[in-house]
Amino acid sequence: MAQAAERLVEVWRGDFCESVHHGHVAVWHADSGLIWGLGDVDGTILPRSSSKMVQALPLIESGAADAHGLTPEHLALACASHQGAAIHTDRVARWLSDLGLSEADLRCGVQWPSDEPARDDLICTKCGPGQRHNNCSGKHSGFLTLTKHLHAGPEYIDPDHPVQRAVRAAWEDVTDETTPGYGIDGCSAPNFASSLKGFARALAMFAAARDGADTRRNAMVRLREAMMAHPELVAGEGRACTKLMRVMGQRAAIKTGAEAVFAAIIPERRIGVALKISDGTTRASEAAITQILSALGVLDAQDPVALTYRHGPIRNWRGTETGHYRLTPALADWRP
Numbered sequence: 001m002a003q004a005a006e007r008l009v010e011v012w013r014g015d016f017c018e019s020v021h022h023g024h025v026a027v028w029h030a031d032s033g034l035i036w037g038l039g040d041v042d043g044t045i046l047p048r049s050s051s052k053m054v055q056a057l058p059l060i061e062s063g064a065a066d067a068h069g070l071t072p073e074h075l076a077l078a079c080a081s082h083q084g085a086a087i088h089t090d091r092v093a094r095w096l097s098d099l100g101l102s103e104a105d106l107r108c109g110v111q112w113p114s115d116e117p118a119r120d121d122l123i124c125t126k127c128g129p130g131q132r133h134n135n136c137s138g139k140h141s142g143f144l145t146l147t148k149h150l151h152a153g154p155e156y157i158d159p160d161h162p163v164q165r166a167v168r169a170a171w172e173d174v175t176d177e178t179t180p181g182y183g184i185d186g187c188s189a190p191n192f193a194s195s196l197k198g199f200a201r202a203l204a205m206f207a208a209a210r211d212g213a214d215t216r217r218n219a220m221v222r223l224r225e226a227m228m229a230h231p232e233l234v235a236g237e238g239r240a241c242t243k244l245m246r247v248m249g250q251r252a253a254i255k256t257g258a259e260a261v262f263a264a265i266i267p268e269r270r271i272g273v274a275l276k277i278s279d280g281t282t283r284a285s286e287a288a289i290t291q292i293l294s295a296l297g298v299l300d301a302q303d304p305v306a307l308t309y310r311h312g313p314i315r316n317w318r319g320t321e322t323g324h325y326r327l328t329p330a331l332a333d334w335r336p
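What the sequence shown shows, in full-length UniProt numbering, is residues 1 to 336, in sequence order.
Structure below.
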């Protein structure tokens with residue numbers, strides 16, 4: 001990014017500012033365009049997993065989701081970066097079975113679950129993890145559903161595969177940009193780049209979408225509603241996406257991405273939010289998105305969950321409070 005990042009979040013230990021996180025923020029209104037920006041909103045980002053709702057658009061728009069009887073739970077998983085808990089992996093296994101496929105058809109790779117009970121069960125039973133435990137296995141099950149619907153080849157993660165060509169076309173359309181390229185994500189699928197404000201624009205389209213408008217907007221409504229209705233499938237217990245969506249009571253759909261990207265879709269405000277922390281630190285992206293959601297009026301700033309992400313406290317292994325987070329005025333003082 002060409003323009004300097006804005007100082008957003010500080011980490012304090014006692015009387016000492018121990019760490020500082022800089023970043024970029026774009027808030028886009030579906031009718032008014034960019035209504036607030038910090039840092040370099042024109043700079044290019046890889047949205048990573050925060051863009052999964054865009055990657056899932058062709059799944060619905062093609063007719064594949066309806067042809068294969070996908071429910072809102074399936075759609076939430078298609079947008080998920082899940083914990084690998086049983087509520088995730090059991091659903092993925094059934095989804096693949098209903099497609100007449102197996103875990104071997106996935107191309108996301110093997111990953112140990114971050115859900116502790118699931119991980120401990122694998123260890124105690126002397127079993128290793130599988131691809132279903134990969135946090136992106138829901139997205140990849142969606143890719144496989146579209147692959148089957150298109151009668152396409154099995155290597156659906158190839159950038160030239162019909163599935164990824166459809167994802168790229170959707171990405172360029174909703175960001176209103178020609179992507180400068182892609183990076184290969186942790187799950188081996190291409191992750192298409194755009195400007196930060198282009199991504200915020202796409203999220204605002206999701207926010208403003210209404211049923212019955214057209215195929216694209218119908219798909220957007222289904223995906224955002226699935227995420228808000230099933231926050232436990234989008235991430236999992238203890239995760240910011242799940243905890244914050246629960247607290248907001250289906251007023252916003254939010255999604256984190258690797259390297260401290262965060263996205264928010266706020267239907268009642270017709271607003272999309274995209275942010276990126278320069279050093280890739282998740283604690284800072286969680287603090288920043290929590291503050292912005294509070295400023296936009298969809299999250300109670302004094303809710304204990306919100307306070308934890310915005311302020312802390314930070315505790316050591318004995319439970320002693322050792323520090324806290326502090327939002328800079330550039331972030332804390334903004335009001336729409």
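Glycine is no exception: its CB is placed at the ideal position from the N, C-alpha and C atoms.
Because the structure is a prediction, the values reported are computed rather than measured.
At 4 residues or longer, and completely inside the segment 139-218: list those alpha helix (DSSP H) runs for me, N to C. 162-175 and 196-208
Give every residue of the same chain whose Cβ lies closer than 8 Å to the Cβ of Val-247, excluding the five residues on either side of it in the sequence, and list them in chain order. Here residue 247 is taken as the residue at index 247 of the sequence shown, counted from 1. Closer than 8 Å at the Cβ level, and outside the excluded window around Val-247, lie Leu-299, Asp-300, Asp-303, Val-305 and Ala-306.
Check whether Ala-193 and Ile-45 have beta carbons under 8 Å apart: Here the question's residue 193 lines up with position 193 in the sequence shown. Here the question's residue 45 lines up with position 45 in the sequence shown. A contact, by the Cβ cut-off of 8 Å.
Report, in whole angstroms, the separation of the C-beta atoms of Phe-262 and Ser-50, which I expect to be a contact under 8 Å. To locate residue 262, count along the sequence shown from 1; it is residue 262. To locate residue 50, count along the sequence shown from 1; it is residue 50. With 8 Å as the limit, Phe-262 and Ser-50 qualify as a contact, their Cβ atoms being about 6 Å apart.
Hey, could you find the ends of the alpha helix (DSSP H) Glu-103 is sitting in? Numbered from its first residue, the sequence shown carries residue 103 at position 103. From DSSP, Glu-103 is part of no alpha helix (DSSP H); its letter is neither H nor E.
Using DSSP with H/G/I as helix, E/B as strand and the rest coil, what is Leu-223? Walking along the sequence shown from the start, residue 223 turns up at place 223. Helix at Leu-223.
Using a Cβ-Cβ cutoff of less than 7 Å, which residues in the same chain neighbour Ala-258 once the five nearest sequence positions on both sides are dropped? Locating residue 258 in the sequence shown gives position 258, counting from the first residue. Counting only Cβ-Cβ distances below 7 Å, and skipping sequence neighbours, we find Arg-48, Ser-49 and Gly-186.
Alpha-carbon to alpha-carbon, Cys-241 and Gly-280: In the sequence shown, residue 280 corresponds to position 280, counting from 1. In the sequence shown, residue 241 corresponds to position 241, counting from 1. Approximately 17 Å, taken between the alpha carbons.
Sequence-distant residues of the same chain with beta carbon closer than 6 Å to Pro-267, five excluded per side: Here residue 267 refers to the residue found at position 267 of the sequence shown. If we look at Pro-267 and ignore the five residues flanking it on each side, its Cβ neighbours are Ala-207.
For Trp-12, which residues of its own chain have a beta-carbon under 6 Å away from its beta-carbon, when the five flanking residues on both sides are left out? Stepping through the sequence shown from its first residue, residue 12 is reached at position 12. These residues qualify, in order along the chain: Gly-323, His-324 and Arg-326.
8 Å contact criterion, which Ile-289 and Ile-254 should meet: CB distance rounded: Along the sequence shown, read from residue 1 onward, the residue named residue 289 stands at position 289. Along the sequence shown, read from residue 1 onward, the residue named residue 254 stands at position 254. With 8 Å as the limit, Ile-289 and Ile-254 qualify as a contact, their Cβ atoms being about 6 Å apart.
Inspect the CB distances between the segment 114-134 and the segment 170-177 and report whether three or more fall short of 8 Å. no
Endpoints, the alpha helix (DSSP H) within which His-230 is located: Your numbering for residue 230 matches position 230 in the sequence shown. Premise fails: His-230 is in no alpha helix (DSSP H) and is neither H nor E.
Where does Thr-322 sit, in a helix, a strand or coil, going by DSSP? Mapped onto the sequence shown, residue 322 falls at position 322. Of the three classes helix, strand and coil, the one that applies to Thr-322 here is strand, per DSSP.
To which residues of the same chain is Leu-59 closer than 7 Å at the C-beta, ignoring the five residues directly before and after it? Counting from one through the sequence shown, the residue named residue 59 turns up at place 59. If we look at Leu-59 and ignore the five residues flanking it on each side, its Cβ neighbours are Ala-65, Ala-78, Gly-142, Thr-145 and Leu-146.
Is the segment 227-238 close to the segment 81-99, with three or more CB pairs under 8 Å? yes
Would Arg-210 be called buried (16 or more neighbouring beta carbons within 10 Å of its own) or exposed? Locating residue 210 in the sequence shown gives position 210, where the first residue counts as 1. Exposed, because fewer than 16 other Cβ atoms sit within 10 Å of the Cβ of Arg-210.
Candidates Gly-138, Arg-217, Leu-101 and Leu-296, of which the one nearest His-88 by Cα: Indexing the sequence shown from 1 puts residue 88 at position 88. The shortest C-alpha separation from His-88 is found at Gly-138.
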